[in-house]
Amino acid sequence: MSIASEVLKPQATQVRAAYVHVPFCVHRCGYCDFTVIAGRDDLIGAYLDCLGKELQTKLARPQLVDTLFLGGGTPSYLPPADLQTLLNLLHRWLPRKTGSEFSIECNPDGLTTERIELLAAAGINRVSLGVQSFQTAHLQTLERSHTPDQVQGVVHELRRAGCTNISLDLIFGVPGQTLSEWEETLAAAVALEPRHISTYGLTYEKGTSFWSRLQKDQIRPVPEELERDMYALAMTRLPECGYLQYELSNFAQPGFECRHNQVYWRAEPYFGFGPGAAEFLNGERRVNHRSVTGWIHRIEQGQSPTQEVEQLDDDLLSREAVMVGLRQTVGIPLAGYRTRYGHEVRDLAPQAYDRFLADGLLEEAEGRVQLTFSGRFLADSVMAEFF
Ligand code: SF4
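Quick note on UniProt numbering: the sequence shown kicks off at 1 and runs consecutively.
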């Protein structure tokens, strides 16, 4: 693949990626604004029936994919028999090419040996574990139900079952967290030798209970400077330990970058199934109903589960290409961008572009433009100027 096509794949590309959303969780964590439902296990059967219908209606025939991502929610929360039904559905409708990446998001608690063996037998070869912290107090603040000890046991069991491509998700900026505690969490993650580590700063999204508590002064975010120091620590410590930063929040041992997420960041097309799932096909972004009951109801009534459709014209596509291109540390290939969109990246916001270069937030090197180390702290503000 040429550098030009690496970031800016034309839209006519064959669809080779699929995302399936499993919305069930044991509890809705206070900071979570994903499409999640807790305490409604009675809906699992209807969910699986409707997912089967959505797959059949949208695909009509099995679609060979190169990356398949089972996200949530907590896919591994499904009881083993239901998990097997889900995996059977995917095997039927979304068979994988040889060498494909088949990822699942799991939480450490409830990931029993039985479930792990089901996942391994179904060909899942990448497991993303929602670890978040190795300190019990911070796990409690985040309302997570596992303990640090469980993580080690689960990682061991996954390896024993042959799932060696393990990713750990971590959160920094937890209220009350110190820099040294974050350092300990990073060290504990590295000690488990996963292939991939993701680090996210805690955010307070409208509609979450953390947001309400923030409005009522019941929760105190860490100071901005400390949050910046935590991000800086991840960006220096993880590469020192062999995890190269390839995206704003993602670090991997060489060759273990998440291929499915790269489909998003390269603006390549993908299918999406399940409540709240997005898909990007033929230059059109479609998003399913976020309400789980709404999504089920529509499918049971023979209606489309799609809630939003957005046709992305070339102008919008070119701006999105800048957004997703700057998220990646390799940045945007300038010549490839020009060829694909007929203008320069700079043309979208000439004054801001020059200012970011002068201020050292963007840099041009070897025919590409990318965020600098300093620029990564201000990524949202930089990218907003191009939109
Ligand atoms: S486990 Fe993850 S998806 Fe489920 S509620 Fe918590 S943060 Fe949200």
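All C-beta atoms, glycine included, are put in the ideal place defined by N, C-alpha and C.
query: Under a Cβ-count criterion, where at least 16 other Cβ atoms within 10 Å of its own Cβ denotes burial, should Leu-87 be classed as buried or exposed?
result: buried
message: One question on the structure: do His-138 and Val-174 come within less than 7 angstroms of each other, judged by their Cβ atoms?
response: yes
message: Between the segment 89-109 and the segment 34-42, can you find at least three pairs of beta-carbon atoms closer than 8 angstroms?
response: no
query: Any heavy atom of ligand 1 closer than 6 angstroms to the Cβ of Phe-271?
result: no
field: Straight-line Cα distance separating Gly-72 from Ile-197
entry: 18 angstroms
- prompt: Which of the three DSSP states, helix, strand or coil, is assigned to Val-322?
  reply: helix
- request: To the nearest angstrom, report how far apart Thr-236 and Arg-228 are at their CA atoms.
  value: Whole-angstrom Cα-Cα distance: 12 angstroms.
message: Please enumerate, following chain order, all residues with a beta carbon closer than 6 angstroms to at least one heavy atom belonging to ligand 1.
response: If you measure from each CB to the nearest heavy atom of ligand 1, the residues under 6 angstroms come out as Cys-25, Arg-28, Cys-29, Cys-32, Phe-34, Val-36, Gly-72, Gly-73, Thr-74, Asn-107 and Gly-130.
task: Give a yes or no on whether the C-beta atoms belonging to Pro-95 and Leu-68 are separated by under 7 angstroms.
output: In this structure, Leu-68 does not lie closer than 7 angstroms to Pro-95 by Cβ.
For Glu-364, the residue or residues it bridges with in DSSP: Val-369
task: Let me know the beta strand (DSSP E) ranges lying completely inside the segment 251-282, each 3 residues or longer, listed in chain order.
output: 271-273 and 278-281
query: Identify the residues that DSSP records as bridge partners of Leu-78: which are they?
result: Answer is none; Leu-78 lacks a bridge partner.
- prompt: Would you report the Cα separation of Glu-268 and Val-222, rounded to the nearest angstrom?
  reply: 36 angstroms
- request: Enumerate in chain order the residues of its own chain whose CB-to-CB distance from Val-15 is below 8 angstroms, with the five nearest sequence positions on each side excluded.
  value: Gln-63, Val-65, Pro-269, Tyr-270, Phe-271 and Leu-281
field: Nearest residue (CA-CA) to Arg-327, options Gln-245, Asp-315 and Asp-359
entry: If we check each option's Cα against that of Arg-327, Gln-245 comes out closest.
- request: Could you please give the first and the last residue of the uninterrupted alpha helix (DSSP H) stretch that includes Val-330?
  value: Segment: none, Val-330 is in no alpha helix (DSSP H) and carries neither H nor E.
message: On the DSSP letters alone, give me the boundaries of the alpha helix (DSSP H) that His-138 sits inside.
response: 136-141
message: Here's a check: name, in chain order, each residue in its chain whose Cβ is nearer than 6 angstroms to the Cβ of Thr-329, leaving out the five neighbours to either side.
response: Excluding positions up to five away in sequence, the list reads Gln-245 and Tyr-246.
Bounding residues of the alpha helix (DSSP H) (the contiguous stretch that carries Val-154): 148-160
field: Through-space distance from Ile-166 to Ala-17, alpha-carbon basis
entry: 20 angstroms
- prompt: If you drop the 5 nearest sequence neighbours on each side, which residues of the same chain put their C-beta closer than 7 angstroms to that of Ala-46?
  reply: Ile-296
message: Pop quiz: Leu-83 and Arg-115 are said to be a contact at Cβ under 8 angstroms. What is the actual Cβ separation, rounded to whole angstroms?
response: 6 angstroms
task: Could you have a look at Gly-99 and say whether DSSP puts it in helix, strand or coil?
output: strand
message: Checking 7 angstroms against the spacing of the C-beta atoms, do Thr-136 and Asn-107 come in under that value?
response: no
- prompt: If you scan the segment 201-226 from start to end, which runs of the alpha helix (DSSP H) of 4 or more residues do you find wholly inside it?
  reply: For the segment 201-226, whole alpha helix (DSSP H) runs of length 4 or above, ordered along the chain, are 209-215.
task: Can you give me the Cβ contacts of Ser-100 inside the same chain, cut-off strictly under 6 angstroms, excluding the 5 residues immediately before and after it?
output: Asp-66
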